[in-house]
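In UniProt numbering, the protein residues as written are 1 to 511. These notes concern the structure reproduced below.
The structure is reproduced here in structure tokens:
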């Protein structure tokens with residue numbers, strides 16, 4: 001792919017490209033997260049709260065270690081390729097060069113800790129698996145960052161789905177065969193290996209070069225200077241995301257971790273929606289920051305609008321159905337997770353809104369402020385957890401998460417107003433109308449939920465329980481969505497032409 005064709009591709013149909021990329025990545029993330037949630041439910045039901053409280057902290061080491069090697073260089077690569085597509089080969093090779101060095105030192109330190117730390121043989125083996133997975137994933141991130149910069153997310157979307165299917169197929173079989181945690185981590189390694197090979201093949205086929213590490217001091221210096229605030233922010237995100245479960249483990253015990261992560265999983269599994277939007281609009285925001293502030297404002301407002309009309313009904317529906325959802329998904333042994341789920345799901349709206357706000361700040365060279373905001377809420381979160389977990393265990397952690405995510409949104413919004421003069425009244429009116437429609441929907445599903453009774457589990461063998469749960473909540477979701485969007489359209493809270501445009505663009509571009 002030559003430079004001229006890349007530049008032509010970036011110039012054409014930017015708004016439609018945003019919609020198309022969002023459609024591709026959203027579909028992929030929907031499939032991934034739906035399957036991943038079922039996989040997590042399967043694991044939780046098989047091993048129970050206590051063992052889940054051991055499994056989750058081990059699995060959480062993967063994203064923690066990954067950021068130490070990636071150092072947010074993939075995010076920088078996406079931004080710089082969006083601005084200078086003619087520099088792909090130079091940028092990719094030097095990013096790989098940096099990662100080789102970082103990877104060596106991170107894995108060396110991790111290896112020494114693993115060998116000489118007070119770990120069992122099984123734990124050491126699992127930590128070695130974590131190391132291999134992280135190495136593969138960090139290079140995969142680099143390769144797919146190229147296509148994010150070019151605003152082409154088809155290949156990443158396909159890889160997401162295949163990776164998830166491979167991981168879950170292998171992991172489910174391993175668990176049924178009694179291979180335990182080692183089998184689960186082997187399955188994750190298989191999925192990561194596929195992603196690495198596939199992303200490397202796509203780079204070779206579509207960009208026409210085989211990426212090898214190089215070290216150009218000028219490029220490396222520039223990239224590291226840009227990456228530092230991104231990396232610090234990403235590290236702070238990991239601290240914010242995972243500190244609570246380690247503090248619960250230390251201050252309360254494994255069972256409380258198991259209860260907490262089931263509620264946390266249901267809340268933050270929905271992050272795929274704003275994440276897909278943010279990933280798609282981020283390169284465009286970077287371009288519009290340079291070329292058109294009016295386009296930047298319009299893109300930000302539309303992203304907030306779409307996410308708001310999605311987040312509000314999701315939060316209200318899950319809050320309403322929590323006392324049914326937890327026991328049916330995880331069994332009655334996890335009923336203690338109902339309260340933390342209801343607490344954390346209140347903050348789902350702010351969780352969704354944080355993604356476009358953060359993308360805007362990063363795209364407009366305000367990643368330093370993003371980092372400062374994250375540092376503030378991490379400090380707040382740690383202090384709150386230190387106070388609340390000893391007294392209220394996992395309930396205290398849920399309250400801390402709610403307060404922290406809400407604070408992060410308002411800190412970011414304050415700085416977003418300094419970049420663009422977005423229409424705050426328009427967004428507040430949208431929020432009010434969305435909430436009104438969601439309340440009507442909640443009353444409807446609260447009445448209808450107990451009336452839906454059927455039993456298809458015996459017809460599907462071992463998968464019957466999961467299929468019945470999917471059908472039951474699928475029916476509720478469809479019925480609730482119909483009521484919600486009908487009411488929203490009647491009170492002029494949604495512009496139907498926007499939804500038609502989204503569907504039409506997706507069909508035309510993928511036909």
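All residues carry an ideal CB built from backbone N, CA and C; glycine is no exception.
C-beta contact flag for residue 359 and residue 338 at 8 Å: For the 8 Å CB-CB criterion, residue 359 and residue 338 do not form a contact.
Beta-carbon gap between residue 412 and residue 354 smaller than 8 Å: yes
Where residue 259 falls, given that 16 or more other Cβ within 10 Å makes a residue buried: buried
Burial state of residue 49 (16 or more Cβ within 10 Å): buried
Within 8 Å, strictly: CB atoms of residue 395 and residue 327: no
The alpha helix (DSSP H) enclosing residue 179, as first and last residue numbers: Here residue 179 belongs to no alpha helix (DSSP H), and DSSP marks it neither H nor E.
CA-to-CA distance, residue 420 to residue 307, given in whole angstroms: 19 Å
Contact under 8 Å by Cβ, residue 243 with residue 373: no
Buried or exposed by the 16-neighbour rule on C-beta atoms within 10 Å, applied to residue 492: exposed
8 Å contact criterion, which residue 240 and residue 378 should meet: CB distance rounded: The Cβ separation is near 5 Å, so the contact holds.
Cβ pair residue 77, residue 146 closer than 8 Å: yes
Beta carbon of residue 272 nearer than 8 Å to that of residue 32: yes
Residue 467 - containing alpha helix (DSSP H), residue span: 464 to 490 is the span of the alpha helix (DSSP H), which, as asked, contains residue 467.
Contact belief for residue 198 with residue 159 at Cβ below 8 Å, rounded distance in angstroms: Between residue 159 and residue 198 the Cβ distance is about 5 Å, and since that is below 8 Å, they are a contact.
Between the CA atoms of residue 304 and residue 218 - distance to the nearest angstrom: 38 Å
Straight-line gap, residue 129 to residue 436 (C-alpha atoms, nearest Å): 48 Å
Cβ-Cβ distance between residue 274 and residue 438 below 8 Å: At a Cβ-Cβ threshold of 8 Å, residue 274 and residue 438 do not count as neighbours.
Check whether residue 73 and residue 98 have beta carbons under 8 Å apart: yes
Pairwise C-alpha distance: residue 432 and residue 189: 45 Å
Residue interval of the alpha helix (DSSP H) (run including residue 80): 73 to 83
Cβ distance (whole Å) where residue 389 is taken to contact residue 248 below 8 Å: 6 Å
Distance, residue 88 Cα to residue 69 Cα: 21 Å
Residues near residue 468 by beta carbon distance below 6 Å, same chain, minus five either side: 456, 457
C-alpha gap between residue 125 and residue 182, whole angstroms: 8 Å
Residue 202, buried or exposed, once every other Cβ within 10 Å from all chains shown has been counted against 16: buried
Extent of the continuous alpha helix (DSSP H) to which residue 258 belongs: 254 to 268
Cβ neighbours of residue 345 in the same chain (closer than 7 Å, five flanking residues each side left out): 267, 315, 318, 319
Cβ-based burial, residue 59 [other Cβ within 10 Å; buried from 16]: Looking at its Cβ environment, which holds 16 or more other Cβ atoms inside 10 Å, residue 59 is buried.
Burial state of residue 481 (16 or more Cβ within 10 Å): exposed
Cut-off 6 Å between Cβ atoms - residues of its own chain near residue 185, not counting five sequence neighbours on either side: 126, 129
Ordered list of alpha helix (DSSP H) runs contained in the region 327 to 391, each at least 4 residues: List check, alpha helix (DSSP H) in window: 338 to 346, 348 to 363.
Pair within 8 Å by beta-carbon distance, residue 136 and residue 223: no
Residue 150 beta carbon less than 8 Å from that of residue 81: yes
Where residue 152 sits in the DSSP three-state scheme: coil
Three-state secondary structure assigned by DSSP to residue 131: Note: residue 131 maps to helix in three-state DSSP.
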